[in-house]
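**Q** These protein sequence lines are chains A, B, C and D, in that order. Start counting the first sequence at 123; every next residue gets the next number (our numbering). Start counting the second sequence at 123; every next residue gets the next number (our numbering). Start counting the third sequence at 123; every next residue gets the next number (our numbering). Start counting the fourth sequence at 123; every next residue gets the next number (our numbering). What follows is a structure written as structure tokens; I'll ask about it next.
Protein chains: 4
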Amino acid sequence: MTTRKSFGSDNQAGAHEAVLRMMTLVNEGGAVAYGGDPWTERAGAGLQALTGARGGVFLVFTGTAANVLGLSLLLQPHEGVICPESAHLNVDECGAPERILGSKLLAVPAPDGKLTPALIASRLGDRGDVHRVQPRVVAISQVTEYGTCYTLAELRALGEFCRSEGLRLYADGARLANAAAWLGCSLADLAAPMDVLSFGATKNGAVGAEAVVVMAEDLMDRAAFQRKQQMQLGSKMRYLAAQFLGLLEDQLWLRNAAHANLMARRLADGLRGVPGVELWQKVESNAVFASLHPAHIDRLQRDGDFYVWDERAHVVRWMTAFDTTEDDADAFAALVRETAAIGG
Amino acid sequence: MTTRKSFGSDNQAGAHEAVLRMMTLVNEGGAVAYGGDPWTERAGAGLQALTGARGGVFLVFTGTAANVLGLSLLLQPHEGVICPESAHLNVDECGAPERILGSKLLAVPAPDGKLTPALIASRLGDRGDVHRVQPRVVAISQVTEYGTCYTLAELRALGEFCRSEGLRLYADGARLANAAAWLGCSLADLAAPMDVLSFGATKNGAVGAEAVVVMAEDLMDRAAFQRKQQMQLGSKMRYLAAQFLGLLEDQLWLRNAAHANLMARRLADGLRGVPGVELWQKVESNAVFASLHPAHIDRLQRDGDFYVWDERAHVVRWMTAFDTTEDDADAFAALVRETAAIGG
Amino acid sequence: MTTRKSFGSDNQAGAHEAVLRMMTLVNEGGAVAYGGDPWTERAGAGLQALTGARGGVFLVFTGTAANVLGLSLLLQPHEGVICPESAHLNVDECGAPERILGSKLLAVPAPDGKLTPALIASRLGDRGDVHRVQPRVVAISQVTEYGTCYTLAELRALGEFCRSEGLRLYADGARLANAAAWLGCSLADLAAPMDVLSFGATKNGAVGAEAVVVMAEDLMDRAAFQRKQQMQLGSKMRYLAAQFLGLLEDQLWLRNAAHANLMARRLADGLRGVPGVELWQKVESNAVFASLHPAHIDRLQRDGDFYVWDERAHVVRWMTAFDTTEDDADAFAALVRETAAIGG
Amino acid sequence: MTTRKSFGSDNQAGAHEAVLRMMTLVNEGGAVAYGGDPWTERAGAGLQALTGARGGVFLVFTGTAANVLGLSLLLQPHEGVICPESAHLNVDECGAPERILGSKLLAVPAPDGKLTPALIASRLGDRGDVHRVQPRVVAISQVTEYGTCYTLAELRALGEFCRSEGLRLYADGARLANAAAWLGCSLADLAAPMDVLSFGATKNGAVGAEAVVVMAEDLMDRAAFQRKQQMQLGSKMRYLAAQFLGLLEDQLWLRNAAHANLMARRLADGLRGVPGVELWQKVESNAVFASLHPAHIDRLQRDGDFYVWDERAHVVRWMTAFDTTEDDADAFAALVRETAAIGG
């Protein structure tokens, strides 16, 4: 009997074969270390073209590192980061922002994981008070940790609000590709209102690679040093670059993301009408959040591994990936349906 | 015309094909993320067996990260690290130890890059003085940044001295394999006197992977959290593990290192008797340090890229790697000889 | 016309004359610096006797510094601090805990500023998850920022809960004297359940001096070094010590606090029945929190300076101090009454 | 028998009575906290007038804190501080700069404790290398830790060099008054070439107060927040201000320093011709460094407390203060003479 595909996380998927192939392709003899090689230059140029970044692109190893490096370019010691309570950087990075940046996160409850100008404004009351951390950066996640997406209009509104308030805007783009696929827009559209953002490859078919995209030119010099200081400068950078080159070819990044989104949609559709199963968030990317009867959660966990997002509300998270098949989605939907039929 | 092989650094080499092959092998379907996969377990077990570590093995992405994570397990905020002035962590990590650890490095001049009990003792005078950082960790590099190796007797002496003085011993093992090859000893022999050490794969044929080897059991729990906080927890850990699995197979790590050492020896031998060229350090690994006439350095730099280690003393560093061929070494020795013949 | 006494904060009061007198008394010739003088020894012994601290007492300059030093003795880098959202260290220290400790604060909403075992338990769900900061210290304020006090039974319950859960308990005692006065207990009673606490003098008649009281013996050595590293080791320590000596004499610390508490009680009593004025928190120390009609707040602010604690709920904070007189309290109550009579 | 006056340190002296008197004078009723009082304004204005600072003056509690705050205004995370090896901030602050700033100190051996453009230039080779901390601030001490002073010409040369190299210049002025007294110049002369400097009061007759003097206007806002974050914002600021007001009156700061200098000169003169006693540094302030026979050092230590600066070279440091009398100096010189006469 084969193991059922896990819907635990998109980082449980392997790497896309095109990514591994490109890593093998760049493995030809010597190359200048630390990013002075032609592949890194090509990946950087490609990412700059896609995002419209004037400041440059800095490859790092993990999403946590991308967030920390990105934020570090925008903060002075007494300044803080307004983010949703659910933000990965607030919840899932073992305190890296506080430890590495020394900065306070000013977390705002946001039911769908999305900040609004009004929510941001609610944290601006302390400006000028020397006893209070000064809000300086607004950090959003696009896709959010709840699988929802900011629309382009929402992004623009955030960008305008931040500019008018003297705030900087950062986006955690660990799943930026899924947002682009959902919104049917370019990465440049998503990047335009930002000062800095990350563009994740790991969850989208890479082995392990993220890009910090610096929109403004004047932050570039600093970024190169801080990447090194933050222990994210790979000596054999070409293998990080190769992962992006693999994903850039024929827009594989977009195809992977679109497919994952489609599978989440398919799973969500398959759950429609299942008694006791209710979607908890809109399905706008590759995540399905649903509330279930606790006994059903227990039974489903026996066969697979996924997050119980909220114990009290009996909410679980199911994620699809570039390699989820229609059969995987249908089989899992069927399993949930069967489980629900057994009764609580 | 073909490009000459560079002797700039062992991290300019590509990856060994066995490493890439293993990365492709582990790319089979889903796997638990963050190291809960069978390959990470196997790599960890293999490394523990090789080194005798009771505390565990923690894979990270870069040598700087390995040093910082390793040291972070051993330090309280008011404690410092005694290291040679030439230590990578003192010179080449863009201040990551100070930034990430907040700890002071107590650097000691050491002409051959090696600490001794007497040199360490010279920094112990401030103990108990509340105005002074308290020395707590001794950090050595094995192989040193000058290509020299501590003998097993020297390591034992350091270990005993540190224990008797209540100090902890850390080894930066970015080139530990080369030391094992040179000394003809096991990794366990090298690791035994240490509290924590790193074991580098990147410079020895990997794509980018280092292991933090924790000898003592009681530091293990902390290490898992601090790796995450230090932004070094890869989600798709299996690809880091695969690199080590590739190197562990048939002792590829040792064969790679032994070959690199041999090529350095061959290069050094090829330079013997060249007028104006003098070895500056003993050749005990894969590095050749030599002093040359400045004009010769300039001329050689035109064709290749290597470090001028000491401008004033006209000392250069040439490094070999697992993929350096006998022809490479001979051709470069010949080039140096020719250059020297032209005159200053 | 004389200026009306401000009810803005107890740190707007001057110093008690006994404190200044003692500072002049110790000003006799030379003394060993950095705390090696007899007055520091005497103050330390006195404070240890009062609190039952076995670990020692460390004088510092500010309340923020006391909190940061105290917490720094109890935390490893990946560990966090559970505290009420209203905690001074979360709100009013310009991010010093995050900057200096690098630690995340796990803030819990607490309507009266007081933590309970149940509230603490709500933040313990992430233990063992490597992506999450590990809760390690529970930080309470006694008196709280809302002027409320933990009873001895509540403190004991917190202490037992923390011990049973492997957590450390810290108390911000910037107004510890007021709590002792309110509860009619000794400082030792208040300190007993704690691992570390602060004992504030500044708001209680000193010029500027706080004590970090270390209950456990094994944290003492570390504390001496960390105080220096945290820039809180005064060279002429005798003048910090003198402030405490002045307050220790004839229990001036207790008399000052009891008087301030009494004046708050008197002010609160004077407000009883004033239309539109409602107490927002119990008056258990030297703070009176009340909600008022916004227009009345504006009018009262014209003559004096106090905090509008909550704009939306129209809540203000009035604080008394050791030097508030009965006439001051009565005059201010009368002023509020008159203002209220004018209408909104 | 009375205790002999100690020549251990100028911070073993008490406070000047004018300082304590002023602290009592400001103790009149309430005052706005955190520096919003008239005395703080007056002290700030006075210090700005004396130094020519356009950016403002920020009072703090200790010399270590002044250095850390001052440097923090000038550094980005990847930047470092060039300083002499003997610098207080490198040696005597228990690693506070590394811990609080996270910055690396790039220490340069300087036999008389003084940096020169050539010495600074020796640390500029790594600029632009992403693996290296980027030198950004040059930190000097005026008076140096060896009691020597930079001349105005030397200061100007440093200032010009720093400007031409894009470096910022900071001065640790814990004994700035002594330098002004020695050089016969104004504080403004000393401050002019600096970006930020400290002006110490503690060692010159205060209870405990230092000023961070920010020469440039654009750093002011940041400084207010960072002082708070660095735990140096006193609530009852008037008592810090009072100390400076006491010292500013009738140039007490200058008279105190000039007297201390004179006493050092007198002591040094009294040692002339004593066999075996040799001055180790020029006496340009209130410090006398001398080499002695080790046996004589031991004998002198019996009666008093002073630093053995260099064990190997048998060098001791004797310091005078504002309250050292001619008799004190003569008596100690006589004691040294007697001791030397006994033989080794």
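Each residue gets a CB set at the ideal place from its N, CA and C atoms; glycine is no exception.
(1) Contact between the segment 297-304 of chain D and the segment 242-250 of chain D: three or more CB pairs below 8 Å?
(2) What is the residue span of the alpha helix (DSSP H) that A/G398 lies within?
(3) Could you pull the start and end residues of the beta strand (DSSP E) that D/G322 belongs to?
(4) Could one say the Cβ of B/H418 lies closer than 8 Å to chain D's Cβ atoms, at least one of them?
(5) Since C/M441 is in the alpha helix (DSSP H), which residue starts that stretch and which ends it?
(6) Using a beta-carbon distance below 8 Å, is A/V252 in contact with chain D?
(7) Less than 8 Å between CB atoms is the rule here; does A/V458 satisfy it with respect to chain B?
(8) Is there a Cβ from chain B that is less than 8 Å from the Cβ of C/A346?
(9) Using beta-carbon positions only, say whether C/S131 and C/C271 come within less than 8 Å of one another.
(10) Taking the alpha-carbon of D/G178 as reference, which of D/T184, D/T186, D/A167, D/N378 has the nearest alpha-carbon?
(11) Quick one: grab the DSSP three-state call for A/R377.
(12) Report, in whole angstroms, the separation of the C-beta atoms of B/R349 and B/L355, which I expect to be a contact under 8 Å.
(13) Taking Cβ positions, are D/H415 and D/G398 nearer each other than 8 Å?
(14) Does D/D159 pass the burial test, meaning 16 or more other C-beta atoms within 10 Å, or should it be called exposed?
(15) Going by DSSP, which residues form a beta bridge with B/Y292?
(16) Give a yes or no on whether 8 Å exceeds the smallest Cβ distance from A/Q198 to chain B.
(17) Could you tell me how far apart the beta carbons of C/A188 and C/S320 are, in whole angstroms, since I believe they sit closer than 8 Å?
(18) Between the segment 220-235 of chain D and chain B, which residues of the former have a C-beta closer than 7 Å to a C-beta of the latter?
(19) Can you tell me where the alpha helix (DSSP H) holding C/E448 begins and where it ends?
(20) Per DSSP, D/F180 is paired with what?
(21) Whole angstroms are fine: how far does the CA of D/R164 sit from the CA of C/L147?
(22) Please tell me whether B/M342 has its Cβ less than 8 Å away from any Cβ of chain E.
(23) In three-state terms, what does DSSP make of C/P160?
(24) Just checking: is the beta-carbon of A/L355 within a distance shorter than 8 Å of some beta-carbon in chain D?
(25) So, under 8 Å CB-CB, B/V405 and B/G269 are touching, yes? Tell me the CB distance rounded to an integer number of Å.
(26) Would you tell me roughly how many angstroms separate the C-alpha atoms of D/Y156 and D/M359, rounded to the nearest one?
(27) Any chance the segment 253-266 of chain C sits against the segment 193-208 of chain C, with 3 or more Cβ pairs inside 8 Å?
(28) Spell out whether any CB of chain B is found under 8 Å from the CB atom of D/M123.
(29) Along the segment 198-215 of chain D, where does the CB come closer than 8 Å to a CB of chain B? Name the residues.
(30) Between which two residues does the beta strand (DSSP E) harbouring D/C284 extend?
(31) Could you list which residues in chain B have their beta carbon closer than 7 Å to that of D/V255, in chain order?
(32) Per DSSP, which residues does B/Y429 bridge with? Please list them.
(33) Whose CA, out of A/R221, A/Q403, A/L172, A/D450, lies closest to the CA of A/S194?
(34) Applying the criterion that 16 or more other CB atoms from any shown protein chain within 10 Å of the CB defines a buried residue, is C/S208 buried or exposed?
(35) 8 Å is my cut-off, CB to CB: does C/Q351 come that close to chain B?
(36) Taking a contact to mean a Cβ-Cβ separation below 8 Å, would you say A/A218 touches A/V190 in this structure?
**A** Well, looking at it:
(1) no
(2) Element bounds for A/G398: n/a, residue is neither H nor E.
(3) 318-322
(4) no
(5) Premise fails: C/M441 lies in the beta strand (DSSP E), 437-441, not in any alpha helix (DSSP H).
(6) yes
(7) no
(8) yes
(9) no
(10) D/A167
(11) helix
(12) 5 Å
(13) yes
(14) buried
(15) B/A261, B/V318
(16) no
(17) 4 Å
(18) E220, R221, G224, S225, K226
(19) 448-464
(20) D/V334
(21) 27 Å
(22) Of the chains in the structure shown, none is chain E; the protein chains are A, B, C and D.
(23) helix
(24) yes
(25) 7 Å
(26) 6 Å
(27) yes
(28) Confidence at D/M123 is low in this model, with a pLDDT of 33, below 50, so the placement of that residue is unreliable and no value is reported for it.
(29) P199, H200, G202, V213, D214, E215
(30) Element bounds for D/C284: not the beta strand (DSSP E) but the alpha helix (DSSP H), 274-286.
(31) C216, G217
(32) B/R439
(33) A/R221
(34) buried
(35) yes
(36) yes
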